[in-house]
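Chemist: Residue numbers (our numbering): 7 to 144.
Structure representation (structure tokens):
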């Protein structure tokens with residue numbers, strides 16, 4: 007079984023993000039179960055209005071020319087959108103900006119890549135690289 011890398015620090019980061027974005031959007035961000043594959047459902051007036059995936063990076067936004075994430079995030083986002091007709095957003099907290107992109111419709115280059123610092127073979131997988139120009143910042 008694959009290790010779970012989520013820890014107390016990442017969970018606190020997610021809670022802070024959910025509180026912050028909730029105030030900005032007047033939504034309640036409800037944490038989805040791990041098997042749903044997307045982090046949050048954004049709820050306003052008891053109705054789900056979007057789904058949100060969250061990532062935090064330890065670099066400035068323009069350190070890399072693209073944002074890379076597992077390709078299955080886009081696949082899950084498209085499936086959720088097809089089923090619900092709701093938008094699915096990827097929010098990224100860089101050290102200098104909070105940005106977001108529509109994960110369903112964004113342009114992305116598909117490749118194979120990932121991280122090698124954890125010695126986890128599952129970290130090297132199909133990925134998407136989203137140009138930073140696709141992101142809007144808050």
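Quick reminder that beta carbons are idealized off the backbone N, C-alpha and C, glycines included.
Do the CB positions of residue 143 and residue 103 come within less than 8 Å of each other?
Modeler: Yes. Within cutoff.
Chemist: Mind reading off the beta-carbon distance from residue 43 to residue 95? Whole number of angstroms is fine, and I expect it under 8 Å.
Modeler: Not a contact, Cβ separation roughly 14 Å.
Chemist: Judging by CA-CA distance, which residue of 87, 131, 55, 67 is the nearest neighbour of residue 78?
Modeler: 131
Chemist: What does the alpha-carbon distance come out to for the pair residue 141 and residue 109?
Modeler: Roughly 10 Å separates the two Cα atoms.
Chemist: DSSP beta-bridge partners for residue 56?
Modeler: 48
Chemist: Per DSSP, residue 84 forms a beta bridge with which residues?
Modeler: Partner(s): none; residue 84 has no beta bridge.
Chemist: Give the straight-line distance between the Cα atoms of residue 36 and residue 48, rounded to the nearest whole angstrom.
Modeler: The alpha-carbon atoms of residue 36 and residue 48 are separated by roughly 6 Å.
Chemist: Tell me the DSSP secondary structure of residue 106 in three-state form.
Modeler: strand
Chemist: Over what stretch of residues does the beta strand (DSSP E) that includes residue 74 continue unbroken?
Modeler: 72-76
Chemist: Can you tell me which of the three DSSP states residue 6 falls into?
Modeler: Since the first and last residues shown for the chain are 7 and 144, residue 6 lies out of range.
Chemist: Within its chain, find whatever has a CB closer than 7 Å to the CB of residue 30; leave out the 5 residues flanking it on each side and keep chain order.
Modeler: 144
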